[in-house]
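Here the structure is laid out as structure tokens; the discussion comes afterwards.
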Amino acid sequence: MQTIRWGIAGPGRIAANVAADLTRSEGAELAAVGSRSTERAADFARRCGTDATRAHGSYRELLDDDGVDVVYIATPHPQHADLAVAALEAGKAVLVEKTFTATLAGAWRVVDTARRHGVFAMEAMWTRFQPAIVRAREVYEAGEIGEVRSVQADLGTVREVDPTDRLFAPELGGGALLDLTVYPVSFAQMVLGGTPSAVHAVASRESTGVDAENALLLSWDDGRFATAQTSFHSPSPGQARIFGTTGWIDVLPRFHHPTTIVVHRSPDDPGETIELPPRGAGYSHEIDEVNACLRAGRTESTVMPLDDTLAVQGVLAEAADRLGLSFSEVAVAL
60 MQTIRWGIAG PGRIAANVAA DLTRSEGAEL AAVGSRSTER AADFARRCGT DATRAHGSYR
120 ELLDDDGVDV VYIATPHPQH ADLAVAALEA GKAVLVEKTF TATLAGAWRV VDTARRHGVF
180 AMEAMWTRFQ PAIVRAREVY EAGEIGEVRS VQADLGTVRE VDPTDRLFAP ELGGGALLDL
240 TVYPVSFAQM VLGGTPSAVH AVASRESTGV DAENALLLSW DDGRFATAQT SFHSPSPGQA
300 RIFGTTGWID VLPRFHHPTT IVVHRSPDDP GETIELPPRG AGYSHEIDEV NACLRAGRTE
360 STVMPLDDTL AVQGVLAEAA DRLGLSFSEV AVAL
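Using the numbering used here, read the sequence shown as starting at 60 and increasing by one per residue.
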């Protein structure tokens, strides 16, 4: 089996979880880490890699590393586009942490670059690869709950306001929309497909100017719809529900990395409980997908295709416009 050699750009908390799950994916290794700080890269390599994991004190060094096949990009949202484009132009495949980019234009720039160069790119939306979600898709695609008509999803948590935290910094893509709402929007897009014909949004603002909580109503031309509710101020179960014409599927909390679904095939059905926990922390499944695509010579995933990412980015962009939020990409010093 061909070993896929991974590099990580942006050695933060999520990157550490991904690095740990790399060890649970057969034929994958953490070859290198890149950061703007040599010390930070070296510390991450010591904690999360092996003796052979190289530490680079710049992103350019990471992208020029001939021993790296794919780069996982885990920097703040506004830096994703620049880094992904640079990696793709260097011939490196990319797995870009959600939200894919800060803007729709940035997403198109990455997608166009990937397709022009014929290099693999995928959004790291781990939800789509969780075993319980894979099973849910099999259930509704087989028609076991009839024709799917709508989706509900919520995701709320309580965060203390800290102007120095990325989550509350407008210039770093902070706010609920890009950090939380992307999950229910991507979930709804996965189930209902395509791009909604209308996006309605309401939100409240935080003192730093980012959105603190929001609610979206997405509608499709054929009458299907989805609702999404997210918050930094109110905890919520984090449950999703898929409604069909004969039954429904409950994705039990938290829906973006669940272990359990309950399938109700009719109104009188008490429900079939299906438990399918993820492997490790849950990131290894998306890693498996990237590895499989690269070994097969594919430039896109069929589970998380780039067109789906563009559809989700379009929804987030329209919601931002309606809410008066402004996001921008940031030029990254390589």
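In this text, a Cβ means the ideal position worked out from N, Cα and C, and glycines have one as well.
Closest residue to residue i among the options (Cα-Cα distance)
i           : options            : result
residue 80  : 362, 312, 338      : 338
residue 362 : 372, 375, 347, 354 : 347
residue 390 : 115, 104, 123, 140 : 140
residue 77  : 152, 156, 333, 120 : 156
residue 253 : 70, 368, 125       : 368
residue 377 : 335, 162, 281, 324 : 162
residue 98  : 86, 246, 107, 114  : 114
Residue i - DSSP class collapsed to helix/strand/coil
i           : result
residue 307 : strand
residue 373 : helix
residue 97  : helix
residue 394 : In the structure displayed, the chain extends from 60 to 393; residue 394 sits before or after that span and is not available.
residue 245 : helix
residue 380 : helix
residue 392 : coil
residue 153 : strand
residue 182 : strand
Where the alpha helix (DSSP H) containing residue i begins and where it ends
i           : result
residue 224 : Counting along the chain, residue 224 falls outside any alpha helix (DSSP H), and DSSP gives it neither H nor E.
residue 172 : 163-176
residue 259 : Residue 259 -> not in any alpha helix (DSSP H); beta strand (DSSP E) instead, spanning 257-264.
Interface flag, residue i vs chain B, CB-CB below 8 Å
i           : result
residue 386 : In the displayed structure, chain B is absent; only one protein chain is listed.
Nearest-angstrom Cα separation, counted from residue j out to residue i
i           : j           : result
residue 395 : residue 364 : An answer regarding residue 395 cannot be provided, because it is not within the stretch 60 to 393 covered by the chain.
residue 373 : residue 285 : 15 Å
residue 309 : residue 344 : 22 Å
residue 237 : residue 262 : 13 Å
residue 71  : residue 259 : 34 Å
residue 60  : residue 182 : 24 Å
Endpoints, beta strand (DSSP E) assigned at residue i
i           : result
residue 131 : 129-132
residue 67  : 63-68
residue 333 : 331-334
residue 122 : Element bounds for residue 122: not the beta strand (DSSP E) but the alpha helix (DSSP H), 118-122.
residue 320 : 319-323
residue 115 : 113-115
Segment contact flag, the segment 199-210 with the segment 297-305, C-beta cutoff 8 Å, min 3 pairs: Counting Cβ pairs under 8 Å, three or more are found: they touch.
Inter-stretch contact at 8 Å, needing at least 3 Cβ pairs: the segment 113-124 / the segment 86-103: Yes, since at least three Cβ pairs between the segment 113-124 and the segment 86-103 fall closer than 8 Å, the two stretches touch.
Contact the segment 246-261 vs the segment 219-228: 3+ CB pairs below 8 Å: Contact fails: fewer than three Cβ-Cβ distances are below 8 Å.
Three-pair Cβ contact test at 8 Å for the segment 179-190 versus the segment 260-280: Short answer: they don't touch.
Given 8 Å, three or more beta-carbon pairs between the segment 286-294 and the segment 312-325: Of all C-beta pairs linking the segment 286-294 to the segment 312-325, fewer than three are shorter than 8 Å, placing the two stretches out of contact.
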